[in-house]
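Numbering (our numbering), first residue to last: -2 to 162.
We put the beta carbon where it would ideally sit given N, CA and C, even for glycine.
Please read all numbers here as calculations on a predicted model, not as lab measurements.
Some notes on the structure that comes next.
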Amino acid sequence: MAKKAASATEFKPYAAPNFDLPSDDGKSFTLKALRGKWVVLFVYPTDNTPTCTQEALEFTAAMPDFNALGATVIGLSKDDLKSHAKFRTKHGLTMPLLSDESTTTIDTFGSWGEKSLYGRVYMGTDRSTFLIDPEGQVQAEWRKVRIKGHVQAVLDTLKQMKVKT
-2 MAKKAASATE FKPYAAPNFD LPSDDGKSFT LKALRGKWVV LFVYPTDNTP
48 TCTQEALEFT AAMPDFNALG ATVIGLSKDD LKSHAKFRTK HGLTMPLLSD
98 ESTTTIDTFG SWGEKSLYGR VYMGTDRSTF LIDPEGQVQA EWRKVRIKGH
148 VQAVLDTLKQ MKVKT
(Lines of atoms letter the chains of each structure in order from A and count residues from 1; the text may use other names and numbers.)
(Lines give C-alpha, C1' and ligand atoms only; values in the text may rest on other atoms or scores of the structure.)
Protein backbone atom coordinates (compact mmCIF):
# COMPACT_ATOMS: atom_id res chain seq x y z
CA MET A 1 0.00 0.00 0.00
CA ALA A 2 1.35 3.41 -0.90
CA LYS A 3 1.77 6.28 1.42
CA LYS A 4 0.99 9.30 -0.73
CA ALA A 5 1.00 13.03 -0.35
CA ALA A 6 -2.82 13.03 -0.34
CA SER A 7 -2.94 14.76 3.04
CA ALA A 8 -0.41 16.08 5.51
CA THR A 9 -1.38 13.46 8.07
CA GLU A 10 -1.22 10.59 5.59
CA PHE A 11 2.22 11.26 4.10
CA LYS A 12 4.65 14.11 4.38
CA PRO A 13 7.12 14.36 1.47
CA TYR A 14 10.77 14.33 2.49
CA ALA A 15 14.15 14.79 0.85
CA ALA A 16 15.37 11.58 -0.72
CA PRO A 17 18.82 10.62 0.52
CA ASN A 18 21.44 11.10 -2.18
CA PHE A 19 23.53 8.12 -3.19
CA ASP A 20 26.41 7.27 -5.47
CA LEU A 21 26.21 3.62 -6.49
CA PRO A 22 27.56 1.49 -9.33
CA SER A 23 25.25 0.01 -11.94
CA ASP A 24 25.59 -3.29 -13.74
CA ASP A 25 26.06 -1.36 -17.00
CA GLY A 26 29.30 0.17 -15.70
CA LYS A 27 27.87 3.60 -14.90
CA SER A 28 27.77 5.30 -11.55
CA PHE A 29 24.39 6.67 -10.48
CA THR A 30 23.75 9.57 -8.15
CA LEU A 31 20.29 10.73 -7.26
CA LYS A 32 21.52 14.30 -7.54
CA ALA A 33 22.37 13.73 -11.23
CA LEU A 34 18.77 12.68 -11.85
CA ARG A 35 17.32 15.97 -10.60
CA GLY A 36 14.80 17.36 -13.03
CA LYS A 37 13.29 13.90 -13.63
CA TRP A 38 10.85 11.73 -11.76
CA VAL A 39 12.58 8.65 -10.34
CA VAL A 40 11.05 5.32 -9.39
CA LEU A 41 13.49 3.51 -7.11
CA PHE A 42 12.49 -0.04 -6.31
CA VAL A 43 14.46 -1.84 -3.63
CA TYR A 44 14.34 -5.62 -3.78
CA PRO A 45 16.00 -8.42 -1.79
CA THR A 46 17.75 -10.73 -4.27
CA ASP A 47 18.40 -11.25 -7.97
CA ASN A 48 16.86 -14.29 -9.68
CA THR A 49 14.36 -15.20 -6.97
CA PRO A 50 10.77 -15.72 -8.13
CA THR A 51 9.19 -12.65 -6.53
CA CYS A 52 12.08 -10.31 -7.32
CA THR A 53 12.13 -11.54 -10.91
CA GLN A 54 8.38 -10.99 -11.27
CA GLU A 55 8.68 -7.45 -9.89
CA ALA A 56 11.57 -6.57 -12.21
CA LEU A 57 9.76 -8.05 -15.23
CA GLU A 58 6.61 -6.06 -14.43
CA PHE A 59 8.62 -2.83 -14.17
CA THR A 60 10.31 -3.70 -17.49
CA ALA A 61 6.94 -4.31 -19.17
CA ALA A 62 5.74 -0.90 -17.95
CA MET A 63 8.90 0.97 -19.00
CA PRO A 64 7.25 2.56 -22.07
CA ASP A 65 4.57 4.04 -19.79
CA PHE A 66 7.11 5.31 -17.25
CA ASN A 67 9.29 6.72 -20.05
CA ALA A 68 6.28 8.50 -21.58
CA LEU A 69 5.80 10.23 -18.21
CA GLY A 70 9.47 11.23 -18.09
CA ALA A 71 10.33 8.87 -15.24
CA THR A 72 13.55 6.94 -14.73
CA VAL A 73 13.10 3.49 -13.15
CA ILE A 74 16.00 2.06 -11.15
CA GLY A 75 16.34 -1.23 -9.26
CA LEU A 76 18.48 -1.49 -6.12
CA SER A 77 19.65 -4.50 -4.12
CA LYS A 78 22.65 -5.70 -2.13
CA ASP A 79 23.68 -8.12 -4.87
CA ASP A 80 26.99 -7.51 -6.61
CA LEU A 81 27.38 -6.15 -10.14
CA LYS A 82 28.12 -9.56 -11.66
CA SER A 83 24.87 -10.95 -10.24
CA HIS A 84 22.96 -7.91 -11.51
CA ALA A 85 24.41 -8.25 -15.02
CA LYS A 86 23.42 -11.92 -15.19
CA PHE A 87 19.94 -11.12 -13.83
CA ARG A 88 19.38 -8.31 -16.32
CA THR A 89 20.64 -10.35 -19.29
CA LYS A 90 18.78 -13.54 -18.36
CA HIS A 91 15.42 -11.76 -18.08
CA GLY A 92 15.86 -8.93 -20.60
CA LEU A 93 15.47 -6.23 -17.96
CA THR A 94 15.72 -2.70 -19.32
CA MET A 95 16.34 -0.63 -16.19
CA PRO A 96 19.70 -0.12 -14.50
CA LEU A 97 20.32 -2.26 -11.43
CA LEU A 98 22.35 -0.61 -8.69
CA SER A 99 24.53 -2.52 -6.27
CA ASP A 100 24.68 -1.62 -2.58
CA GLU A 101 26.72 -4.48 -1.13
CA SER A 102 27.32 -2.53 2.10
CA THR A 103 23.53 -1.93 2.40
CA THR A 104 24.26 1.67 3.47
CA THR A 105 21.88 3.24 0.96
CA ILE A 106 19.24 0.56 1.45
CA ASP A 107 19.41 1.23 5.19
CA THR A 108 19.28 5.01 4.67
CA PHE A 109 15.99 4.54 2.79
CA GLY A 110 14.72 2.47 5.74
CA SER A 111 14.57 -0.74 3.71
CA TRP A 112 17.09 -2.79 5.69
CA GLY A 113 16.13 -4.45 8.93
CA GLU A 114 15.38 -7.49 11.01
CA LYS A 115 13.33 -10.20 9.34
CA SER A 116 12.10 -13.59 10.43
CA LEU A 117 11.56 -16.79 8.47
CA TYR A 118 10.53 -20.07 10.06
CA GLY A 119 11.60 -18.75 13.46
CA ARG A 120 15.06 -17.70 12.25
CA VAL A 121 15.82 -14.01 12.73
CA TYR A 122 18.19 -12.32 10.28
CA MET A 123 18.92 -8.95 8.68
CA GLY A 124 17.56 -8.40 5.20
CA THR A 125 16.03 -6.09 2.63
CA ASP A 126 12.38 -5.08 2.84
CA ARG A 127 10.87 -4.78 -0.63
CA SER A 128 10.11 -1.06 -1.05
CA THR A 129 9.48 1.47 -3.79
CA PHE A 130 10.02 5.23 -3.69
CA LEU A 131 8.55 7.81 -6.06
CA ILE A 132 10.93 10.78 -6.13
CA ASP A 133 9.96 14.06 -7.78
CA PRO A 134 12.23 16.22 -9.99
CA GLU A 135 13.28 18.28 -6.93
CA GLY A 136 14.49 15.17 -5.09
CA GLN A 137 11.53 14.82 -2.71
CA VAL A 138 9.99 11.43 -1.96
CA GLN A 139 6.33 11.98 -2.84
CA ALA A 140 5.12 8.42 -2.25
CA GLU A 141 6.54 5.23 -0.83
CA TRP A 142 5.46 1.63 -0.68
CA ARG A 143 6.79 -0.59 2.12
CA LYS A 144 6.70 -4.37 2.43
CA VAL A 145 5.45 -4.51 -1.16
CA ARG A 146 3.17 -7.25 -2.45
CA ILE A 147 3.77 -7.65 -6.18
CA LYS A 148 0.22 -8.08 -7.49
CA GLY A 149 -0.88 -4.72 -8.89
CA HIS A 150 2.14 -2.91 -7.44
CA VAL A 151 3.70 -1.59 -10.65
CA GLN A 152 0.32 -0.32 -11.84
CA ALA A 153 -0.21 1.42 -8.48
CA VAL A 154 3.16 3.16 -8.84
CA LEU A 155 2.31 4.20 -12.40
CA ASP A 156 -1.13 5.49 -11.35
CA THR A 157 0.41 7.48 -8.49
CA LEU A 158 3.00 8.99 -10.83
CA LYS A 159 0.22 10.05 -13.21
CA GLN A 160 -1.66 11.70 -10.32
CA MET A 161 1.48 13.47 -9.10
CA LYS A 162 2.29 14.78 -12.58
CA VAL A 163 -1.22 16.23 -12.92
CA LYS A 164 -0.61 18.23 -9.72
CA THR A 165 2.63 19.74 -11.04
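Checking the DSSP bridge columns, you'll see Tyr119 partnered with Lys112. Going by beta carbons, Pro19 and Thr122 fall outside the 7 Å limit. DSSP places Pro19 in the uninterrupted beta strand (DSSP E) bounded by Asp17 to Pro19. DSSP places Val160 in the helix class (H, G or I) of the three-state scheme. DSSP, read as helix, strand or coil, puts Ile144 in coil. Two segments are said to touch when three or more pairs of C-beta atoms, one from each, lie closer than 8 Å; by this definition the stretch 39 to 57 touches the stretch 75 to 83. Taking the Cα positions, Ser113 is about 30 Å away from Val36. Using a C-beta cut-off of 8 Å, the stretch 57 to 68 makes contact with the stretch 144 to 160, since at least three inter-stretch Cβ pairs fall below that distance.
Residues of the same chain with a CB within less than 7 Å of the CB of Ala12, apart from the 5 flanking positions on each side, are Gly133 and Gln134 in chain order. The stretch 57 to 94 is shown to contain whole alpha helix (DSSP H) runs of 4 or more residues at 60 to 65 and 78 to 88, in chain order. Ala58 counts as exposed, since fewer than 16 other beta carbons sit within 10 angstroms of its beta carbon. The beta carbon of Gln51 sits closer than 7 Å to the beta carbons of Ile144 from its chain, once the five residues preceding and following it are set aside; these are given in chain order. Relative to Ala150, the option among Gly33, Lys29, Asp62 and Pro10 whose CA is nearest is Asp62. The C-alpha of Thr100 lies about 16 Å from the C-alpha of Leu28.
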